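First comes the structure, then the notes that go with it.
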Amino acid sequence: MSTLIVFLPPRDPATSSQEWHLPEMPFLLVDKGGRTQRAGRSALPLLPRASLTVLVMAARDVLMLKAAVPPLKGMRLRQALPNIVEDQLIQDPQTCHVALDPQPLAGGERVLAVVDRGWFRFIVEAFGAAGHRNLRAVPVTRALPAPSPDVSADVSADAAAPAPVEPIVAAVLGTVASAASALFAEASASSGAASVEATDARVELALSRGAHGEGLAVPASAVGATLAALAGDAPVALYELTDMPGGEPRFASVAGTPGTRAGRPPLPPVKPLPFESLARRALECGFDLCQFEFEARPWRLDRATLRRLRLPVALAVAVIGMNVQWLMLARQRDALSAQITELLLDTFPKTTVVLDAPSQMTRQLDQLRAAAGELSPGDFLSLAAGLARSLGPVPVDGIAALDYHDRRLDVTFKPEVKVDPDLSQRLARNGLTGAIDSSTGKWTIRNGQ
-8 MSTLIVFLPP RDPATSSQEW HLPEMPFLLV DKGGRTQRAG RSALPLLPRA
42 SLTVLVMAAR DVLMLKAAVP PLKGMRLRQA LPNIVEDQLI QDPQTCHVAL
92 DPQPLAGGER VLAVVDRGWF RFIVEAFGAA GHRNLRAVPV TRALPAPSPD
142 VSADVSADAA APAPVEPIVA AVLGTVASAA SALFAEASAS SGAASVEATD
192 ARVELALSRG AHGEGLAVPA SAVGATLAAL AGDAPVALYE LTDMPGGEPR
242 FASVAGTPGT RAGRPPLPPV KPLPFESLAR RALECGFDLC QFEFEARPWR
292 LDRATLRRLR LPVALAVAVI GMNVQWLMLA RQRDALSAQI TELLLDTFPK
342 TTVVLDAPSQ MTRQLDQLRA AAGELSPGDF LSLAAGLARS LGPVPVDGIA
392 ALDYHDRRLD VTFKPEVKVD PDLSQRLARN GLTGAIDSST GKWTIRNGQ
């Protein structure tokens, strides 16, 4: 089973839902053995098809929360989840899709992922219309590397700390390209205030803290200050996405030299995070956002699929119908054969071997007629008498020769005799069948029974 991992762009808050579109997206295609088949960047209609498509949601589009969830299932759970996260959201919770992490936390609480329902429906329907029906969606923060052992050991060693702190894993996933940033850059250029801070490129920053995750779009020069403010006393591991299909700008090229300005916190050591490693970690993630009404149903058929399947289904029905008809006729044949065999054995019980029941019955009846002094319908005299009754306007002396063999009578008329077309009908009325050989002109007369 092949798998396609696609990295989705973040939703641009400045763009209305009528203008949503999906640009070219980076992807990784692996076969059922886990071997890489293709990697690149492509528009949605040109993405390769696979048995499973894993969508990696941008960190800014997924809000991860921790809450106590009542023991509900199905529709009742779906109705209860928006009320659980209502106090922690700015927008109406009924306009959000809430997914539940299948793995509970140590204290019994659960992690909830909140996504804008309209954006998520747009993505699922767009991929479904493109032929990707078996979908999974995972947050990109769940695909980040786990904290290194030395960082975890440093955190657990401080036993006197009032509360344990979790290490933060941060990753710069590329630069931000949005309508708002483009307008801001254009306004700055027109006003002539193209200072270093105004033209500072914004980067996508994804952060993972244990089971939680969040995403930010911050200026590249402010990454260090942002991480210092969010981490506090917690250690930070910083990664930069590398080997990205399409040639994403490197973080170092847009951030400048860290720590050169006064008052700017230095960046932690930046480690490389290959695109393929991030994609494979996303494939291993067990938190699927496609839940409830977005649950993947590969067997669901739409109108386009039904139109494509119309001819194959019709052919399959025709083949099945022919096979059913053949089975019915075969059963009827076997039933008739059994009846004929039973009739032969009932009439002639001394028959030991049944090979051809109709032929054996005919021979047995002929033997009985011969023993009783009766003529068989296939005897020469019976055929000759029937022919004589059927001649009609054909003169009797018009017959040149009669040949009898194999229970049939071959009649040769004289050349000057014209046989009328009604001879076959007169033979049939007398229980005979007649046919003329066009090459020799002979008539072959047989018993019609």
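Going letter by letter, the sequence shown gives residues -8 to 440 in our numbering.
Ideal placement from N, C-alpha and C gives every residue a C-beta, glycine not left out.
Because the structure is a prediction, the values reported are computed rather than measured.
Per DSSP, cross-strand counterpart(s) of residue i
i, result
"GLY204", "SER199"
"LEU37", "In the DSSP output, where bridge partners are listed per residue, LEU37 has none listed."
"PRO130", "MET48"
"THR166", "VAL194"
"GLY31", "PHE18"
Residue i classed as buried or exposed, judged by whether at least 16 other C-beta atoms fall within 10 angstroms
i, result
"ASN74", "exposed"
"GLY250", "Residue placement at GLY250 is flagged as unreliable, the pLDDT there being 46, under the threshold of 50; a coordinate-derived value is accordingly withheld."
"ALA34", "exposed"
"ARG298", "exposed"
"ALA419", "exposed"
"THR86", "exposed"
"SER328", "exposed"
"ASP52", "buried"
"MET48", "buried"
"VAL442", "The requested residue 442 is not part of the displayed model; the chain covers only -8 to 440."
"ALA41", "buried"
"VAL163", "buried"
"PRO502", "In the structure as shown, the chain begins at -8 and stops at 440. Residue 502 is therefore absent and cannot be evaluated."
"LEU320", "exposed"
"SER373", "buried"
Opening and closing residue of the beta strand (DSSP E) in which residue i lies
i, result
"VAL227", "227 to 233"
"TRP110", "Counting along the chain, TRP110 falls outside any beta strand (DSSP E), though it belongs to the alpha helix (DSSP H) covering 108 to 120."
"THR44", "43 to 48"
"LEU54", "54 to 58"
"ALA426", "423 to 427"
"VAL89", "87 to 91"
"MET16", "16 to 21"
"ILE(-4)", "-6 to -2"
"ASN438", "434 to 438"
"VAL402", "399 to 404"
Pick from the options that is closest to residue i, judged by C-alpha positions
i, options, result
"PHE242", "HIS12, PRO260, PRO226, VAL227", "PRO260"
"VAL129", "VAL410, MET55, ALA329", "MET55"
"PRO17", "GLU10, SER7, THR6, PRO39", "PRO39"
"GLN94", "GLY201, GLY422, LEU335, PHE404", "GLY201"
"LEU43", "ASP3, MET(-8), ARG67, LEU356", "MET(-8)"
"PRO412", "GLY165, ASP3, TRP434, PRO236", "TRP434"
"LEU68", "VAL53, LEU378, ASP92", "ASP92"
"SER381", "ARG437, ILE(-4), LEU96", "ARG437"
"GLN282", "ASN421, ALA219, LEU264, VAL106", "VAL106"
"ALA137", "ALA392, SER415, VAL160, LEU207", "VAL160"
"LEU453", "SER367, ASN125, THR132", "One cannot answer for residue 453 here, as it falls past the ends of the chain, which runs -8 to 440."
"ALA134", "ALA220, SER8, GLU267, ARG112", "GLU267"
"MET66", "ALA309, GLU284, ASP401, LEU374", "GLU284"
For residue j and residue i, believed in contact at Cβ under 8 Å, the rounded distance
i, j, result
"VAL156", "ALA228", "Actually they are not in contact, since the Cβ atoms of VAL156 and ALA228 sit about 14 Å apart, beyond 8 Å."
"LEU13", "ALA117", "6 Å"
"ARG127", "VAL167", "That belief does not hold up - the Cβ atoms of ARG127 and VAL167 are roughly 26 Å apart, past 8 Å."
"GLY383", "LYS405", "That belief does not hold up - the Cβ atoms of GLY383 and LYS405 are roughly 17 Å apart, past 8 Å."
"VAL89", "VAL102", "Going by Cβ atoms, the distance from VAL89 to VAL102 rounds to 11 Å, so no, they are not a contact pair."
"ALA273", "ILE(-4)", "6 Å"
"LEU335", "GLN351", "6 Å"
"ARG32", "GLY237", "4 Å"
First through last residue of the alpha helix (DSSP H) which encompasses residue i
i, result
"ALA379", "371 to 381"
"VAL214", "214 to 222"
"ILE75", "65 to 75"
"LEU359", "348 to 363"
"ALA270", "266 to 275"
"LEU414", "414 to 420"
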